[in-house]
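Visitor: Residue numbers (my numbering), protein chains in the order written: chain Y, 520 to 661; chain F, 520 to 661.
(1) Pick helix, strand or coil for residue 528/Y, following the three-state DSSP scheme.
(2) How would you list, in chain order, the residues of chain F whose beta-carbon sits under 8 Å from the beta-carbon of residue 552/Y?
(3) Going by alpha carbons, who is nearest to residue 593/F out of 605/F, 599/F, 577/F, 643/F?
(4) Hey, which unbroken runs of the beta strand (DSSP E) at 3 residues or more fall wholly within the region 589-624 of chain F?
(5) When the Cβ atoms of the region 579-591 of chain F are set against those of the region 556-568 of chain F, are three or more pairs found closer than 8 Å?
(6) Under the assumption that residue 550/F contacts residue 564/F (Cβ atoms under 8 Å), give the Cβ distance between them as a whole number of angstroms.
(7) Just reading off the beta strand (DSSP E) that residue 557/F is part of, what are its end residues?
(8) Give me, in chain order, the residues of the same chain whose beta-carbon lies closer than 8 Å to that of residue 574/Y; leave out the 5 immediate sequence neighbours on both sides.
(9) By a C-beta neighbour count over all protein chains shown, 10 Å radius and 16 as the cutoff for buried, is residue 580/Y buried or exposed?
(10) Counting along the chain, where does the beta strand (DSSP E) carrying residue 651/Y start and finish?
(11) Residue 613/F versus chain Y: which residues are under 8 Å apart at the beta carbon?
(12) Cα separation between residue 646/Y and residue 601/F?
(13) Which residues in chain Y have a C-beta closer than 8 Å to the C-beta of residue 579/F? List them in chain order.
(14) Just how far apart, CA to CA, sit residue 625/F and residue 624/Y?
(15) So that I know if they touch, is there some Cβ in chain Y lying closer than 7 Å to that of residue 642/F?
(16) For residue 523/F, which residues in chain Y fall below 7 Å Cβ to Cβ?
(17) Alpha carbon to alpha carbon, how far is residue 615/F from residue 535/F? Give it in angstroms, no decimals.
(18) In this structure, how does DSSP classify residue 586/Y when only helix, strand and coil are distinguished?
(19) Cα-Cα, which of 619/Y, 632/Y, 538/Y is closest to residue 643/F?
(20) For chain F, find out if any of its Cβ atoms is closer than 7 Å to the Cβ of residue 596/Y; answer yes or no.
(21) Counting only the same chain and skipping the five closest in sequence on each side, list residues whose C-beta sits under 7 Å from that of residue 548/Y.
(22) Could you tell me which of 618/Y, 544/Y, 553/Y, 595/Y sits nearest to residue 636/Y, measuring between CA atoms?
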């Protein structure tokens, strides 16, 4: 089918505090922590098994979207990201079926990943991100 | 490390309506829909790639815990479930580290899965379930 779980994003108040649970108590490996200046967040990446990872996302500025989400909800599960093989095809297909898209056209990140978001109103309440990875290392999924 | 994503649970108002997005529009395969009489929910299971699945959970009685969650939140991402190799060891280790557990002892389901829940207060806001599968088909993870 070509789908794969890429990540589950969790909004937290503080990455180091959250790592006290996810890395130190639970025992997931920490791959890296990076600062995303554009989104004004710190992100910790914790791979799980052979597929997918947990991303712990903490705001670093009070005006950021993530800071507002944290203030409103207290944090927790934020979005789910699935990899697809052809994101442009997936988006045009979803649009043709009347699905509400936040980003009708895929956007390109610096690392080469194409991404888009589907509105929670269309999914039953889930903010759903789609990824198309830059290299076609999809043969494992066949 | 022995961890694996088992499922991401999404609370929805109606399973068939939600399948209109997840199966019909997005294109995930539907494995089955089952009624869980004890929890008073319908659950649709949609495998994603080689690991993990999305579970769409809808209340079938207004008094159920899921019905109350739906009424309060409108639905959406509900919990994350990770497989571990030895759930008793994981729980005793977490308890020793002061992690707040909802179910300090693993519980046994009819299908042989041992499960437990970790409190969102301990995880940064995520209701986290742990599974230990009945058969030690873990060699793929080594």
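Where a beta carbon is used, it is the ideal one built from N, C-alpha and C, also for glycine.
Guide: In terms of the structure at hand:
(1) Strand.
(2) The contact set of residue 552/Y on chain F, defined by CB atoms closer than 8 Å, is empty, because the minimum CB distance reaches about 14 Å.
(3) Selected option, being the one with the closest Cα: 577/F.
(4) DSSP runs (the beta strand (DSSP E)) wholly in the region 589-624 of chain F: 595-602.
(5) A contact exists between the region 579-591 of chain F and the region 556-568 of chain F.
(6) 4 Å between Cβ atoms; contact.
(7) Taken as a continuous stretch (DSSP letters only), residue 557/F belongs to no beta strand (DSSP E), as it is neither H nor E.
(8) For residue 574/Y, where only same-chain residues beyond five positions count, the Cβ hits under 8 Å are 526, 527, 528, 529, 562, 563, 564, 565.
(9) Under this definition residue 580/Y is an exposed residue.
(10) Residues 647-651.
(11) Among the residues of chain Y, those whose CB is under 8 Å from the CB of residue 613/F are 544, 545, following chain order.
(12) If you take the alpha carbons of residue 646/Y and residue 601/F, they lie about 21 Å apart.
(13) What residue 579/F touches in chain Y: nothing, since even the nearest Cβ is about 16 Å away.
(14) The C-alpha of residue 624/Y is placed about 46 Å away from the C-alpha of residue 625/F.
(15) Closer than 7 Å: yes.
(16) Result: 567, 568.
(17) Answer to the nearest angstrom: the Cα atoms are 43 Å apart.
(18) Assignment of residue 586/Y by DSSP, reduced to helix, strand and coil, places it in the helix class.
(19) Nearest C-alpha to residue 643/F: 538/Y.
(20) At least one CB of chain F lies nearer than 7 Å to the CB of residue 596/Y.
(21) These residues qualify, in order along the chain: 565, 566.
(22) When C-alpha distances from residue 636/Y are compared across 618/Y, 544/Y, 553/Y, 595/Y, the shortest belongs to 618/Y.
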